[in-house]
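Enquirer: Sharing a structure here in structure tokens format.
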Amino acid sequence: MTDLLGNDLNLQYELLGPEIALVITAALVLFADAFRRELKIGQSAIPAISILGLVVALLLSLLWIDENKDFARLVTIDNFTTFFRVLFIAVTVVVIIGSHEYIERRVSHLGEFYSLLLLSTVGAMLMAGARDLLTAYLAIEVMSFSLYILVSLAKSDTRSGEASLKYVLLGGVASAMLLYGLSFLYGVGGSTQYTEIAAALSDGTSTLELPLLLGLALIIAGLGFKASAVPFHMWTPDAYEGAPIPITAYLSATSKAATFALLLRWFAGPLLPAIDSWQWMISVLAVLTMVIGNLVALQQSNIKRLLAYSSIGQVGFMLMAIVTISDQTGSALLLHLSGYIITNLAVFMGVIAFYNRTGREEIVAFRGLAQTNPYLALVITAGLFSLAGMPLLAGFLTKFILFQSVVSGGYTWLVVTALLASTVSLYYYLQVIRQMYMYQPEGDASRWRLSPTGYLATGAMLVGVVWVGVYAAPFYTAADRAIAPLFT
Amino acid sequence: MTENDSFAVLAVFLIPLGVSLLLMLIPSRERSLIIALTAVASLAMFAVSVYVFLSYDFGGEQFQGVKAWNYMSDVGLLGDEGIQLKVGVDGIAAAMVLLTGIVILPGTWVSWKIQDRLKDFFILLYILTAGVFGTFVMLDMFVWFLFYELALLPMYLLIGVWGSTRKEYGAMKLMMMLLAGSILIFTAIFAIYTEAGLGTFDLVDLYEVGFDEDFQKLYFPLIAIGCGILAAMFPFHSWSPDGHAAAPTAVSMLHAGVLMKLGAFGIIRLGFQMMPEGGEFWAPALVVLGITAALYGAISALRQDDLKLMTGFSSVSHMGYVILGLGTMNVIGWTGAVLQMFAHGIMTALFFLLIGAVYDQAHNRDIPNFSGMAKQMPIWTIFFVIASLASLGLPGLSGFIAEVHIFIGAFRSYPIVGGLAVLTAAITATYLLRMFAQAFFGEFNERWSGLKEITYAERAGATVLVAAILLLGLWPSPWVDRISTTIAATIPGVTL
Numbered sequence: 002m003t004d005l006l007g008n009d010l011n012l013q014y015e016l017l018g019p020e021i022a023l024v025i026t027a028a029l030v031l032f033a034d035a036f037r038r039e040l041k042i043g044q045s046a047i048p049a050i051s052i053l054g055l056v057v058a059l060l061l062s063l064l065w066i067d068e069n070k071d072f073a074r075l076v077t078i079d080n081f082t083t084f085f086r087v088l089f090i091a092v093t094v095v096v097i098i099g100s101h102e103y104i105e106r107r108v109s110h111l112g113e114f115y116s117l118l119l120l121s122t123v124g125a126m127l128m129a130g131a132r133d134l135l136t137a138y139l140a141i142e143v144m145s146f147s148l149y150i151l152v153s154l155a156k157s158d159t160r161s162g163e164a165s166l167k168y169v170l171l172g173g174v175a176s177a178m179l180l181y182g183l184s185f186l187y188g189v190g191g192s193t194q195y196t197e198i199a200a201a202l203s204d205g206t207s208t209l210e211l212p213l214l215l216g217l218a219l220i221i222a223g224l225g226f227k228a229s230a231v232p233f234h235m236w237t238p239d240a241y242e243g244a245p246i247p248i249t250a251y252l253s254a255t256s257k258a259a260t261f262a263l264l265l266r267w268f269a270g271p272l273l274p275a276i277d278s279w280q281w282m283i284s285v286l287a288v289l290t291m292v293i294g295n296l297v298a299l300q301q302s303n304i305k306r307l308l309a310y311s312s313i314g315q316v317g318f319m320l321m322a323i324v325t326i327s328d329q330t331g332s333a334l335l336l337h338l339s340g341y342i343i344t345n346l347a348v349f350m351g352v353i354a355f356y357n358r359t360g361r362e363e364i365v366a367f368r369g370l371a372q373t374n375p376y377l378a379l380v381i382t383a384g385l386f387s388l389a390g391m392p393l394l395a396g397f398l399t400k401f402i403l404f405q406s407v408v409s410g411g412y413t414w415l416v417v418t419a420l421l422a423s424t425v426s427l428y429y430y431l432q433v434i435r436q437m438y439m440y441q442p443e444g445d446a447s448r449w450r451l452s453p454t455g456y457l458a459t460g461a462m463l464v465g466v467v468w469v470g471v472y473a474a475p476f477y478t479a480a481d482r483a484i485a486p487l488f489t
Numbered sequence: 152m153t154e155n156d157s158f159a160v161l162a163v164f165l166i167p168l169g170v171s172l173l174l175m176l177i178p179s180r181e182r183s184l185i186i187a188l189t190a191v192a193s194l195a196m197f198a199v200s201v202y203v204f205l206s207y208d209f210g211g212e213q214f215q216g217v218k219a220w221n222y223m224s225d226v227g228l229l230g231d232e233g234i235q236l237k238v239g240v241d242g243i244a245a246a247m248v249l250l251t252g253i254v255i256l257p258g259t260w261v262s263w264k265i266q267d268r269l270k271d272f273f274i275l276l277y278i279l280t281a282g283v284f285g286t287f288v289m290l291d292m293f294v295w296f297l298f299y300e301l302a303l304l305p306m307y308l309l310i311g312v313w314g315s316t317r318k319e320y321g322a323m324k325l326m327m328m329l330l331a332g333s334i335l336i337f338t339a340i341f342a343i344y345t346e347a348g349l350g351t352f353d354l355v356d357l358y359e360v361g362f363d364e365d366f367q368k369l370y371f372p373l374i375a376i377g378c379g380i381l382a383a384m385f386p387f388h389s390w391s392p393d394g395h396a397a398a399p400t401a402v403s404m405l406h407a408g409v410l411m412k413l414g415a416f417g418i419i420r421l422g423f424q425m426m427p428e429g430g431e432f433w434a435p436a437l438v439v440l441g442i443t444a445a446l447y448g449a450i451s452a453l454r455q456d457d458l459k460l461m462t463g464f465s466s467v468s469h470m471g472y473v474i475l476g477l478g479t480m481n482v483i484g485w486t487g488a489v490l491q492m493f494a495h496g497i498m499t500a501l502f503f504l505l506i507g508a509v510y511d512q513a514h515n516r517d518i519p520n521f522s523g524m525a526k527q528m529p530i531w532t533i534f535f536v537i538a539s540l541a542s543l544g545l546p547g548l549s550g551f552i553a554e555v556h557i558f559i560g561a562f563r564s565y566p567i568v569g570g571l572a573v574l575t576a577a578i579t580a581t582y583l584l585r586m587f588a589q590a591f592f593g594e595f596n597e598r599w600s601g602l603k604e605i606t607y608a609e610r611a612g613a614t615v616l617v618a619a620i621l622l623l624g625l626w627p628s629p630w631v632d633r634i635s636t637t638i639a640a641t642i643p644g645v646t647l
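Note that the protein sequences, when read in sequence, are chains A and B.
Take the first sequence: its letters are residues 2 to 489, numbered as in this note's numbering.
Take the second sequence: its letters are residues 152 to 647, numbered as in this note's numbering.
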């Protein structure tokens with residue numbers, strides 16, 4: 002088949018197998034939830050169906066390792082896409098396993114919750130795979146719209162509605178900016194295809210300096226919002242605080258990683274020829290993000306807000322890799338991203354388990370956790386130390402490689418700033434650890450245990466944090482192979 | 152050393168790491184099992200470190216027991232060799248391994264009387280020990296730094312949970328200052344890797360690169376200050392007395408005894424051995440900072456009432472000698488610096504052991520509050536006197552050997568500084584003798600008639616340390632041979 006311009010279109014639908022599987026699962030979940038009584042199934046069947054669908058999608062995405070194909074000139078299926086597909090599916094699986102109890106108790110509209118979670122995963126996967134501006138934009142919106150609703154689903158918590166409203170309004174503005182920026186880019190590049198924009202920008206004949214600059218500024222602002230880079234971060238703490246904690250975890254993992262997948266695709270692809278125009282913008286953004294994110298985190302007293310600002314700070318580190326973009330920094334970024342996601346999920350799974358028991362989310366509520374539940378305290382401590390970049394944990398190694406690659410890329414001053422910010426971050430992570438280990442528990446001091454799925458999720462993440470920290474070679478190799486198609 | 156001895160080198164950090172993992176699996180109510188396990192572990196570490204030290208053949212190659220395992224390579228920014236788990240020791244590292252092995256022995260024994268969360272204490276203590284051992288034996292810059300940081304990390308919890316006197320303040324100050332130092336080391340490591348462009352962190356390969364002189368001049372200070380913070384180099388020493396005062400006994404022992412030496416060791420490994428010309432350029436600065444710290448620490452110690460603070464400032468002063476010795480840029484001064492690292496490690500460990508022993512009973516360690524302790528605790532007093540005499544450099548004890556080397560080295564390069572160094576030794580004698588007169592002798596203060604003599608575990612620990620002090624003092628050649636041949640052969644800037 003060919004399109005209107007006479008280009009051959011490859012309509013191999015099995016290329017989109019994982020996405021299709023997830024959309025079907027999402028529909029099934031909605032259906033099963035609606036007819037739960039008629040079908041005589043329990044509440045736990047719904048997460049079970051979702052996980053089954055995710056596993057199928059995972060297997061389907063593994064079929065395309067080391068392939069490089071595109072679907073109808075809209076979606077590329079290469080190692081990069083596969084890497085992110087696997088990552089996103091894994092995140093969703095972990096979130097579901099670790100938080101289904103929380104969801105059953107504290108989230109309204111169970112069926113919608115799971116099906117939107119699956120749909121936002123589809124959006125994220127397509128963000129990583131898109132090779133066309135409009136496909137990418139639609140993918141962003143699929144992910145974002147699902148998340149707008151998911152944020153509002155916390156039962157009997159007024160903060161949830163407020164958070165969602167803030168997120169929708171600001172998200173809408175950001176999308177508008179992004180779309181406007183993309184229209185400039187279309188005007189300059191003459192196409193929505195990544196490859197053709199790259200060709201148009203690199204042949205040097207374009208005289209449209211100003212529109213390109215405007216377009217870039219708008220695109221960076223729009224994506225900066227999605228990645229919660231300073232100064233576009235204001236929604237993040239509120240949304241993180243108001244959302245159900247599993248969604249907070251999901252926001253900090255998938256939504257962030259998907260934005261970086263898109264950033265990598267765009268800034269290593271169509272926008273690479275214009276590197277002189279955007280490099281300084283991103284480096285300013287990176288510095289602001291890591292400095293302000295980490296400094297404001299110092300003052301937080303709520304664990305979700307603390308983690309929100311800490312994740313903003315982490316985005317600053319990752320933006321450095323975009324500034325010095327190359328295959329080396331790209332693979333370092335993918336490695337860091339995977340390490341960061343595993344670490345962050347470890348912390349969040351721990352916080353969810355804690356919240357299930359206590360219903361509290363202030364930092365002082367963690368007092369004496371080392372005595373009432375030493376295992377959970379260990380998981381959270383390992384996660385926080387890893388976020389701070391302490392050795393034998395994921396954060397040390399992935400940050401080291403990331404920073405080293407940025408220095409090799411010639412931006413030593415950025416890394417020095419990042420190291421300073423990173424030291425600040427240890428201070429506030431230590432505040433949480435201090436509460437757990439140095440104080441006696443308040444009130445009920447008896448020992449308690451997690452649920453089996455709680456142990457499964459936290460245990461898997463703890464193993465992951467240590468594994469990446471001790472032996473990251475497989476992850477690094479995977480990241481290296483994933484980044485290769487972007488730089489050929 | 153033979154090929155197979157690399158497994159001994161490997162074992163020095165695998166033992167504590169393995170034991171701390173093992174401890175995690177033991178329920179915390181099994182106190183006697185924990186004590187038995189740590190007893191075996193401490194003896195094993197001691198035995199292996201003695202073996203590593205003795206089997207280092209000072210006539211042979213610089214790095215011995217070298218063995219490398221591939222960790223990550225040919226991916227991203229890493230080349231063929233990439234990151235390796237590469238172990239090996241030179242004469243300096245061998246001496247430091249022995250020091251750690253000696254200090255951990257009494258460090259483990261005196262900790263058995265901790266009542267609160269003994270298991271967690273040992274897990275963290277042994278992670279710290281693994282970090283220290285790892286830093287001494289690793290020959291890959293990445294892994295080296297990983298272990299260096301690993302040694303710092305448990306300090307926060309060890310001081311914060313089990314410490315005393317402003318423990319949270321001390322713990323946080325220590326952590327933040329040491330991490331600020333790490334920023335500088337990080338930056339230098341990144342720059343070195345990029346500049347070398349070999350795609351590997353292998354230290355032995357990097358030593359052969361011969362970096363540009365301007366590069367060396369620029370990045371040597373980063374290493375010197377970054378590691379210098381951990382070595383309590385003036386003016387970055389202020390965490391050290393507070394940290395020592397707050398830390399529990401065994402942690403003070405390891406910390407002052409061994410951890411601070413990591414800093415000085417880092418200056419040698421990543422500083423002088425990597426960037427000899429930069430080191431030569433900045434050596435005068437080290438001399439100035441070293442002698443300032445020595446004088447400043449000694450004068451501050453004169454004014455302290457708290458025994459631990461006094462010892463803390465005394466450590467600053469003695470570590471000043473180490474920095475001074477490194478700055479002399481001659482083999483004698485350098486040998487003295489490394490000997491001083493060793494001698495000071497043992498002697499400070501003994502100090503903190505003894506102070507801890509009395510503090511645990513009296514909950515007080517202000518010198519003016521004590522008087523005539525020799526009557527109540529004669530054995531304790533004898534040990535304390537030996538430690539003090541070693542500290543003020545009495546011939547026949549360890550401190551003398553080290554200081555005399557440093558003084559000669561200093562006189563050769565900078566005669567005035569040599570004079571000041573001798574003056575410092577005199578001040579040291581003053582504050583120690585003042586303490587003698589007040590705390591040990593004179594009229595007995597009846598308030599302390601309830602104090603018991605130190606326990607057998609403490610006596611045994613103190614005996615080990617005193618034996619090491621005497622051995623180094625009376626028969627220094629095993630140390631001097633290993634250290635001075637390594638220095639003469641491998642640090643190009645250093646002259647006789």
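Virtual Cβ for every residue (Gly too), placed ideally from N, Cα, C.
Source: prediction; values computed, not measured.
Mapping DSSP to helix, strand and coil, what is Ile-358 of chain B?
Expert: In the sequence on display, residue 358 of chain B carries Tyr and not Ile. Helix, per DSSP.
Enquirer: Contact criterion: CB-CB distance below 9 Å. Does Tyr-307 of chain B meet it with respect to chain A?
Expert: Answer yes: the Cβ-Cβ gap between Tyr-307 of chain B and chain A drops below 9 Å somewhere.
Enquirer: Does the distance from the C-beta atom of Ser-405 of chain A to that of Thr-575 of chain B stay below 9 Å?
Expert: Checking the sequence, you will find Gln at residue 405 of chain A rather than Ser. Not a contact, by the Cβ cut-off of 9 Å.
Enquirer: Would you say Ser-333 of chain B reaches chain A, if we count a Cβ-Cβ gap shorter than 9 Å as a contact?
Expert: Yes, Ser-333 of chain B lies at the interface with chain A (some Cβ there is under 9 Å from its Cβ).
Enquirer: Whole angstroms are fine: how far does the CA of Gly-18 of chain A sit from the CA of Ser-302 of chain A?
Expert: Ser-302 of chain A and Gly-18 of chain A: Cα-Cα distance of roughly 44 Å.
Enquirer: In this structure, what does DSSP give as the bridge partners for Asp-9 of chain A?
Expert: Partner(s): A:Thr-3.
Enquirer: Along chain B, which residues have their Cβ under 8 Å away from the Cβ of Val-417 of chain A?
Expert: By Cβ distance, chain B contributes Ile-334, Thr-338.
Enquirer: Verify the CB distance criterion: does Asp-271 of chain B have a CB-CB separation below 9 Å to chain A?
Expert: So, interface residue.
Enquirer: Who are the near neighbours of Val-324 of chain A in its chain, counting only those whose CB is closer than 7 Å to its CB and skipping five residues on each side?
Expert: Cβ neighbours of Val-324 of chain A beyond the five flanking positions: Gln-280, Ile-283, Ser-284, Ala-287, Tyr-412, Leu-415.
Enquirer: Once the 5 residues before and after Arg-633 of chain B are set aside, which same chain residues still bring their CB inside 7 Å of it?
Expert: Once the five neighbours on either side are set aside, the close Cβ partners of Arg-633 of chain B are Tyr-207, Phe-209, Gly-242, Ala-245, Ala-246.
Enquirer: Ile-177 of chain B and Lys-264 of chain B look like a contact to me (Cβ under 8 Å); what is the Cβ gap, rounded to whole Å?
Expert: In fact, because the Cβ distance is near 19 Å, the residues do not count as touching under 8 Å.
Enquirer: Strictly under 9 Å for the Cβ-Cβ distance: is Leu-410 of chain B near chain A by that measure?
Expert: Closer than 9 Å: no.
Enquirer: Asn-520 of chain B lies in the alpha helix (DSSP H); which residues open and close that run?
Expert: Premise fails: Asn-520 of chain B is in no alpha helix (DSSP H) and is neither H nor E.
Enquirer: Do you know offhand how far Tyr-664 of chain B's Cα is from Ile-234 of chain B's?
Expert: No answer is possible for residue 664 of chain B: the residues shown for chain B start at 152 and end at 647.
Enquirer: Please name the residue, chosen from B:Val-568, B:Val-261, B:Asp-291, that lies closest to Lys-237 of chain B on a Cα-to-Cα basis.
Expert: Per the Cα distances, B:Asp-291.
Enquirer: Within a Cβ cutoff of 6 Å, which residues of the same chain sit near Tyr-440 of chain A, ignoring the five residues on either side of it in sequence?
Expert: These residues qualify, in order along the chain: Arg-368, Gly-369.
Enquirer: Taking C-beta pairs closer than 7 Å, name the residues in chain A that Tyr-344 of chain B reaches, listed in chain order.
Expert: Under the 7 Å cutoff, chain A gives Gln-405.
Enquirer: Under 8 Å between beta-carbons, which chain A residues line up against Glu-300 of chain B? List them in chain order, please.
Expert: In chain order: Met-391, Pro-392, Phe-397.
Enquirer: For a contact meaning CB atoms closer than 8 Å, what does Arg-435 of chain A contact in chain B?
Expert: What Arg-435 of chain A touches in chain B: Gly-311, Glu-319.
Enquirer: Determine, using beta carbons only, whether Gly-463 of chain B and Ala-508 of chain B come nearer to each other than 9 Å.
Expert: No, they are not a contact pair.
Enquirer: Looking at C-beta atoms only, is the number of pairs between the region 153-165 of chain B and the region 98-105 of chain A that lie closer than 8 Å three or more?
Expert: Verdict: no, contact absent.
Enquirer: What is the C-beta distance between Tyr-582 of chain B and Ala-449 of chain B, in whole angstroms, given that I count them as a contact (C-beta under 8 Å)?
Expert: Confirmed, Cβ separation roughly 7 Å.
Enquirer: What does Leu-75 of chain A touch in chain B if you count any residue whose Cβ is under 7 Å from its own?
Expert: Residues of chain B passing the Cβ test: none, with the nearest at roughly 30 Å.
Enquirer: Asn-357 of chain A to Leu-451 of chain A, Cα distance in whole Å?
Expert: Going by the C-alpha atoms only, they are around 9 Å apart.
Enquirer: What does DSSP give as the partner residue(s) for Asp-291 of chain B in the beta ladder?
Expert: Bridge partners of Asp-291 of chain B: B:Asp-353.
Enquirer: Scan the region 392-426 of chain B and note each continuous alpha helix (DSSP H) run of 4 residues or more that stays entirely inside, going in chain order.
Expert: Those alpha helix (DSSP H) runs which fall completely within the region 392-426 of chain B and span 4+ residues are 400-405, 411-417.
Enquirer: Give the residues from the region 440-474 of chain B that approach chain A closer than 7 Å (Cβ to any Cβ), ordered along the chain.
Expert: The residues in question: there are none.
Enquirer: Which residues mark the beginning and the end of the alpha helix (DSSP H) in which Met-327 of chain B is found?
Expert: Taken as a continuous stretch (DSSP letters only), the alpha helix (DSSP H) holding Met-327 of chain B covers 318-347.
Enquirer: Given a threshold of 16 other Cβ atoms within 10 Å of its Cβ, counted over all protein chains shown, does His-556 of chain B qualify as buried or as exposed?
Expert: Result: buried.
Enquirer: Hey, does Met-282 of chain A have any beta-carbon neighbour from chain B nearer than 9 Å?
Expert: False, the Cβ-Cβ gap to chain B never drops below 9 Å.
Enquirer: Would you tell me roughly how many angstroms separate the C-alpha atoms of Lys-257 of chain A and Ala-422 of chain A, rounded to the nearest one?
Expert: Between Lys-257 of chain A and Ala-422 of chain A, the C-alpha separation is close to 20 Å.
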